[in-house]
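Structure first, commentary second.
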Amino acid sequence: MLQVAYIRENKDFVIKALGKRKFADAEQVINQVLAIDESRRSAQQELDSLLAEANHLSKQIGGLMKQGDVAAAESIKAQTAEIKLKSKSLGDVQSSAEEELKALLYTIPNIPNNNVPEGASEDHNEVVYEHGSTPSLPSGALPHWELIKKYDIIDFEVGVKITGAGFPVYKGKGARLQRALVNFFLEEASKAGYMEVQPPIVINEASGYGTGQLPDKDGQMYHISEENFFLIPTAEVPITNMYRDVILKEQDLPVKNVGFTPCFRREAGSWGAHVRGLNRLHQFDKVEVVQIRRPEESYQALEEMCKYVQGLLEKLGLQYRVLNLCAGDLGFTSAQTFDMEVFSAAQGKWLEVSSVSNFETYQANRLKLRYQAADKKKQLLHTLNGSALALPRIVASLLENNQTEDGIVIPEILVPYTGFDRIN
RNA sequence: AGAGGAGUGGCAGAGUGGUCGAAUGCACUGGUCUUGAAAACCAGCGUACCGCGAGGUACCGGGGGUUCGAAUCCCUCCUCCUCUGCCA
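Residue numbers (our numbering): 2 to 425.
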């Protein structure tokens with residue numbers, strides 16, 4: 002979340018920046034934040050001096066008791082009653098103001114970076130790079146949801162039986178292709194200097210707040226009510242939360258982690274006629290890269306991560322484009338995001354396969370993730386992450402783009418991982 | 001899951017109601033000494049909030065309570081250790 006001190010000092014800028022991302026009532030909310038902050042601070046000042054007085058009197062009582070002057074001690078004790086009463090109610094005022102402030106700050110999204118294009122919706126995202134050309138498909142080319150039936154490699158119906166819609170079963174070469182891709186992505190990430198981690202895929206509430214899924218996306222995560230746990234929507238959550246309440250040392254930086262996890266999303270309300278096959282699932286696999294950087298180098302890291310993801314797509318021989326998301330389409334916690342979209346030839350549409358974001362200090366502030374600079378000052382770090390990559394849509398586009406009359410050709414780079422070069 | 005024990009600063013570890021934000025040791029930082037290093041010695045060394053500042057407040061696993069006053073007493077939750085049970 003945004004820092005109150007920052008809002009206080011840059012009020013007009015913050016309002017303008019939130020307006021850019023079409024955050025409703027930015028001015029009113031910010032004014033409310035500042036008003037609550039003001040009352041919180043004055044309550045604290047009053048409370049602090051009251052407590053100082055009470056502490057002082059208590060020490061006097063202690064001294065008198067030691068000397069055995071009970072009468073004098075009792076008379077001072079009488080004075081403390083009123084102070085106690087006052088400080089109790091003032092403490093309530095202060096802590097409720099603090100809670101109110103926090104609750105309000107939780108509803109305010111991050112400020113978009115300067116280079117984020119204006120725009121209200123995904124229609125205004127800027128295509129900043131395109132690579133590759135559309136493959137020429139054989140006549141009678143099929144979309145992936147037909148191909149998976151034809152080759153019997155992914156079964157949606159049996160998934161429906163086991164769980165419900167959006168939980169497919171990968172079978173035979175379908176399962177092996179997926180595993181191969183995961184291994185390929187993890188190997189590549191290791192080579193690029195990311196340390197592999199295997200985090201829990203179930204998280205507690207504090208972790209949900211730490212990276213900003215809560216309270217913003219409450220209804221989007223599967224909830225385990227018994228324990229008040231959530232299934233992760235992305236490995237970003239457990240991996241980034243490893244660094245909650247951590248003060249890193251200069252030599253620990255930069256942090257570069259990679260993790261493979263299944264991801265779970267309820268996708269409440271986002272199902273439509275255009276969503277078919279692997280395009281949108283409740284459970285899918287994803288390899289995620291996370292970086293923690295010094296503020297001054299985070300945008301360089303963002304670029305590096307984008308290049309890394311692009312490299313993966315190129316190695317797989319996929320046609321893709323890079324979008325600089327406009328302010329209105331930016332995720333709640335992000336300061337800037339680049340989406341990578343792969344062209345799915347048989348569907349004739351672009352599929353988002355990666356989203357690479359810089360959260361600046363937005364998550365770090367919630368996480369209390371800081372580092373100690375050379376000058377001894379503690380400073381919030383910048384967190385970044387990106388999909389590298391999300392599996393189902395990669396599978397979908399590989400199936401569609403590489404279909405031939407003799408089956409689906411596996412990209413050469415994957416063959417050592419799959420152990421076969423064709424699905425037929 | 002049941003029984004017992006324990007959670008204190010980067011680490012180790014003292015502290016069971018009063019000047020304790022917390023002894024001591026190690027680690028770390030600066031200095032003296034030294035050709036240099038080590039050793040020794042001296043000094044410093046938690047976090048957050050409020051305040052222009054002086055300074056104040058809070059924090060001894062989390063939350064709540066008793067008390068004029070809580071690291072210390074009570075309740076509750078969490079975590080770890082030991083034993084028993086169960087289980088991939």
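The beta carbon of each residue, even a glycine, is placed where N, CA and C say it ideally should be.
These figures come from a predicted structure and were not determined experimentally.
Same chain only: Cβ atoms within 8 Å of residue i, ignoring 5 sequence neighbours per side
i	result
Ser191	Glu197, Val259
Asn425	Tyr152, Asp407, Gly408, Ile409
Ala55	Thr81, Ile84, Lys85, Ser88
Leu65	Val71, Ala73, Ala74, Ile77
Opposing strand residues paired with residue i [DSSP bridges]
i	result
Gly408	Thr405
Ile248	Arg371
Tyr321	His132, Val343
Ile204	Phe231
Pro171	Checking the displayed sequence, the identity of residue 171 turns out to be Tyr instead of Pro. Tyr171 is bridged to Ile155.
Lys257	Gln292
Lys287	Thr262, Ala391
Val198	Gly260
Leu381	Arg371
Leu352	Val343
Own chain, CB closer than 7 Å to residue i, minus 5 neighbours either side, in chain order
i	result
Val247	Leu370
Leu215	Glu206, Gly209
Met306	Val290, Gln292, Val357, Leu385, Gly387
Ser299	Asn359, Glu361, His383, Leu385
Ser122	Gly329, Asp330
Glu237	Thr212, Glu289, Val291, Asn386
Which listed residue (the options) has its alpha carbon closest to that of residue i
i	options	result
Lys60	Ser43, Glu47, Lys78	Lys78
Ser134	Val343, Asn116, Ser226	Val343
Pro239	Asn403, Phe261, Pro216	Phe261
Pro393	Gly332, Gly278, Lys103, Leu3	Gly278
Lys218	Glu227, Phe231, Arg9	Phe231
Leu400	Arg42, Leu390, Pro144	Pro144
Gln373	Arg41, Leu51, Pro296	Pro296
Gln320	Lys350, Glu298, His224, Ala121	Lys350
Phe360	Arg423, Lys377, Leu381, Met341	Leu381
Ala346	Tyr171, Leu317, Asp340, Gln404	Gln404
Ile149	Ile163, Leu368, Tyr171	Tyr171
Thr419	Arg180, Ser40, Val161	Arg180
Pro169	Arg245, Met222, Asp286	Asp286
Glu100	Ser40, Ala72, Tyr130	Ser40
Val128	Pro118, Pro136, Phe14	Pro118
Ala131	Glu28, Met341, Lys377	Per the sequence presented here, residue 131 reads as Glu, with Ala not at that position. Checking every option, the nearest Cα to that of Glu131 belongs to Met341.
Ser97	Pro113, Arg42, Ile411	Arg42
8 Å Cβ cutoff met for residue i and residue j
i	j	result
Asp330	Asn111	no
Asn116	Gln364	no
Val288	Leu390	yes
Ala44	Leu91	yes
Leu385	Arg294	yes
Asn229	Glu206	yes
Leu3	Ile84	no
Ile233	Cys264	yes
Lys12	Ile31	yes
Ile163	Lys316	no
Val34	Leu105	yes
Phe339	Gly213	no
Gln95	Leu51	no
Ala397	Asn280	yes
Leu182	Ile395	yes
Pro136	Asn402	yes
Neighbourhood of residue i by C-beta, 6 Å cutoff - its chain only, sequence neighbours within 5 removed
i	result
Gly167	Leu282, His283
Val256	Ile293
Pro417	none
Val276	none
Gly211	Asn242, Arg245, Arg367, Leu368
Pro200	Pro239, Ile240, Gly260
For the 8 Å Cβ check, are there 3 or more pairs between the stretch 310-329 and the stretch 17-30? The stretch 310-329 is in contact with the stretch 17-30.
Does the stretch 297-317 come into contact with the stretch 353-360, if we say contact requires no fewer than three beta-carbon pairs (one atom in each stretch) closer than 8 Å? Verdict: yes, contact present.
Quick one: any contact between the stretch 173-191 and the stretch 152-163, if contact means 3 or more CB pairs under 8 Å? Judged by pairs of C-beta atoms under 8 Å, the stretch 173-191 touches the stretch 152-163, as three or more such pairs exist.
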